[in-house]
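Same order as they appear, the protein sequences are chains A and B. When we follow numbering that gives the first Met the number 0, the leftmost residue of the first sequence carries the number 0, and every step to the right adds one. When we follow numbering that gives the first Met the number 0, the leftmost residue of the second sequence carries the number 0, and every step to the right adds one. Heads up, the beta-carbon is just placed ideally off N, CA and C, and yes, glycines get one too. Comments concern the structure below.
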Amino acid sequence: MSVIRLEYRHVSMHFAQGHEKSLTAVQDVSIAVADGEVVSLIGPSGCGKSTLLNIGSGLTAPSEGEAFVDGERVQGPNAHVAFMLQKDLLLPWRTIAENVAFGVEIQGIAAPERRRRAQALLENLNLAEFAGHYPHQLSGGMRQRVALARTLAVDPTVLLLDEPFSAVDAQTRMVLQRELAQTLKRAGKTALLITHDLQEAVTLSDRVLVMSRRPGRIIDEIAIDIPDRDDPLKRRQHPTVNAIVQHLMERLDIGAPDHAAGASV
Amino acid sequence: MSGVSTTGAAKSSAARTGAAASVVLLIAFLAAWQWGPGLLGIPSFIVPPLSAVAQEAVRMWHISGLAYHTGITAAEVLAGFAIGSLLGAFIGYLLGMSPVAEMALSPYILALQIAPKVAFAPLFIMWMGFTVYPKILVAILIVFFPVMVNVLTAVRTIDPDLVNLARAFKATRAQIFWKIEFPASLPPLFAGLRIGSTLAVVGVVVGELVGGNLGLGYLLSFGEGQANTPMVFVAIVMLTLVGSLAYLLVILIERRVLHYLPKRAHTGF
């Protein structure tokens with residue numbers, strides 16, 4: 000019923016590795032994320048999660064298959080998607096407000112509108128008083144919030160998030176997770192979240208996808224039927240969270256090469 | 000009282016102590032220069048005392064056109080430094096953005112970098128005569144490399160994710176350069192300019208020593224010919240002054256341009 004905002008159709012990715020050898024990072028992955036849905040992608044390191052993000056944002060073309068955003072085939076970077084990484088990638092020579100406006104500036108939006116958007120986002124994220132500061136004057140958690148504001152400033156329909164909070168301390172991470180959840184809910188954004196943190200995957204999303212070791216395939220999908228998706232701190236208390244995390248841990252172990260044949264059935 | 004103000008006070012008191020020690024050292028050095036040679040029995044034609052050098056400076060100011068020659072040298076340094084660093088930066092960006100060009104040109108650039116640049120001075124004088132141009136050319140050549148290498152390395156080591164971020168926002172090649180690569184390369188560029196500003200003086204002086212009757216290098220070799228040790232000292236002091244001014248100029252521009260860097264990165268020369 001609801002519109003599909005982000006879709007991967009039978010996507011595979013091979014990387015050339017010297018003479019006639021190639022490494023398959025992702026194999027035959029199909030994912031569909033509906034409007035307003037938040038889906039987490041978990042899996043062992045090097046299973047091709049970040050490759051999927053690059054394909055979705057149009058930075059790399061898949062070897063096989065296709066990606067669609069807002070019903071349009073991804074053929075290069077486009078305005079419907081924005082990504083956010085573990086690194087904040089703030090430009091040290093720009094003030095916080097100028098960093099937030101970086102994307103819209105490239106897109107050619109006029110200066111007054113850029114300033115208005117940056118100001119509004121900074122106010123939403125409680126950073127208004129730091130608009131004129133430079134990145135080195137902010138803490139890691141604040142910098143990551145600025146990165147989120149920059150991602151939202153271009154008003155994308157789909158957000159691709161690659162371990163956005165893995166570099167911040169545990170307390171800050173919980174605060175940032177809640178801010179992200181509330182922001183996504185309020186703006187009705189669709190998101191694909193790549194994470195290593197199983198609890199983060201469960202508390203933030205509507206659905207969790209489990210990937211296998213390389214070559215990465217989707218080996219499991221768990222719907223998270225817990226209320227309060229916009230409040231991960233509250234969700235954390237819910238009794239089923241631990242059971243799901245436990246289940247995901249088992250799935251990740253079953254994803255080992257020895258068991259791969261059984262898992263792919 | 001608070002941690003911040005304590006460290007601030009500690010820092011400024013450290014700066015004051017450092018500055019005071021600097022002044023004391025200067026006075027000690029000047030005193031040693033004035034009375035040291037006499038006490039050690041060094042003849043004044045080997046190390047003339049400070050007062051003799053000062054007298055010679057006054058004589059040169061009135062008779063030998065010290066101001067004129069200093070002006071010539073300063074102008075050559077400025078021209079050589081400006082052209083050499085512009086060229087170095089330009090080629091550095093070009094090679095940084097075009098791996099093919101770098102592959103093709105790097106052996107020749109390396110060879111030219113290994114060749115002692117000052118050895119070109121006689122050649123340039125043979126080509127261009129006893130004018131200011133061969134001196135400027137030596138300065139250009141010697142300033143070129145540190146600036147180019149710094150810019151090239153800076154462009155090469157930019158975080159590819161930063162470029163991808165810009166690309167994901169559909170940035171054009173020109174936007175990636177002006178909004179990411181160029182500003183990101185400025186700190187290393189200024190490090191190259193600092194080195195270049197001191198090397199420019201070396202290039203110009205070598206050119207002036209080799210030939211011509213212009214500049215502080217000329218006064219230097221003239222003094223040597225006359226066995227006028229104080230004159231040689233005056234020329235050396237003036238050259239140091241010209242070099243320091245060039246260096247100071249770079250620092251002042253750097254502080255304006257790189258104002259966003261944490262303050263600590265600027266302290267000290």
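Identification of chain B residues near L5 (chain A) by a Cβ-Cβ cut-off of 8 Å yields none; the smallest Cβ-Cβ distance measures about 15 Å. When C-beta atoms of the region 130 to 146 of chain B are compared with those of the region 74 to 82 of chain A, fewer than three pairs fall below 8 Å, so the two segments do not count as touching. Going by beta carbons, G215 (chain A) and V68 (chain A) fall outside the 7 Å limit.
A buried status is given to G57 (chain A), since no fewer than 16 other beta-carbon atoms sit within 10 Å of its beta-carbon. Against chain B, the CB of S138 (chain A) has no partner CB under 7 Å away; the residue lies outside that interface. With respect to D34 (chain A), V2 (chain A) sits close: the two C-beta atoms are nearer than 7 Å. Among the residues of chain A, those whose CB is under 9 Å from the CB of P182 (chain B) are L90, P91, W92, R93, following chain order. Residues of chain A with a Cβ closer than 7 Å to the Cβ of R166 (chain B) are, in chain order, L58, P76. Residue pairing of Y7 (chain A) in beta bridges, as defined by DSSP: A:I30, A:A66.
Looking at the DSSP output, V157 (chain A) shares a beta bridge with A:V80, A:T189. Annotated as distal: V207 (chain A) and A152 (chain A), with beta-carbon spacing of 7 Å or more. Around G102 (chain A), the beta-carbon contacts reaching into chain B at under 7 Å are F168. Residue nearest to V137 (chain B) within the set B:L218, B:L109, B:V148, B:G202 is B:G202 (criterion: CA-CA distance).
Taking a cut-off of 8 Å for Cβ pairs, the region 183 to 203 of chain B and the region 229 to 245 of chain B touch, as three or more such pairs fall below it.
In the structure shown, G128 (chain B) falls within a coil segment according to DSSP collapsed to helix, strand and coil. Close partners of H135 (chain A) in chain B (Cβ separation under 9 Å): Y259, L260, P261. Residue pairing of L22 (chain A) in beta bridges, as defined by DSSP: A:F14. Within 9 Å of the CB of F82 (chain A), the CB atoms of chain B belong to N163, L164, A167, in sequence order along the chain.
The secondary-structure analysis by DSSP pairs I221 (chain A) across a beta bridge with A:V207. In its chain, beyond the 5 residues on either side, I95, A96, L121 have a beta carbon closer than 6 Å to the beta carbon of A130 (chain A).
For Q54 (chain B), not one C-beta of chain A is nearer than 7 Å to its own C-beta. Scanning chain B for C-beta atoms nearer than 8 Å to the C-beta of Q106 (chain A) yields F168, K169, reported in chain order. Look at Q33 (chain B): its C-beta is not under 7 Å from any C-beta on chain A.
The DSSP-derived three-state label of L40 (chain A) is strand.
For a Cβ distance threshold of 7 Å, residue set F168 of chain B lies close to V153 (chain A), ordered along the chain. The residues I179, A183, in chain order, have a CB closer than 8 Å to that of L161 (chain B) in the same chain once the five nearest residues on each side in sequence are set aside. Contact check for F189 (chain B) and V249 (chain B): beta-carbon distance about 7 Å, within the 8 Å limit, so the pair qualifies.
The beta-carbon of Q225 (chain B) is placed no less than 7 Å from the nearest beta-carbon of chain A. Considering only B:V46, B:F28, B:A27, the residue with the shortest C-alpha distance to P36 (chain B) is B:V46. The distance from the Cβ of V10 (chain A) to that of I54 (chain A) is about 6 Å, consistent with a contact at the 8 Å cut-off. Non-local beta-carbon contacts of W60 (chain B) in its own chain, meaning distances under 7 Å to residues more than five positions away in sequence, involve A66 in chain order. Annotation: G224 (chain B) to S43 (chain B) spans about 17 Å, alpha carbon to alpha carbon. In this chain, the alpha helix (DSSP H) harbouring K48 (chain A) covers 48 to 55. Along the region 222 to 238 of chain A, none of the residues has a CB nearer than 7 Å to a CB of chain B. Between the region 156 to 175 of chain B and the region 97 to 108 of chain B there are fewer than three C-beta pairs closer than 8 Å, too few to call the two in contact.
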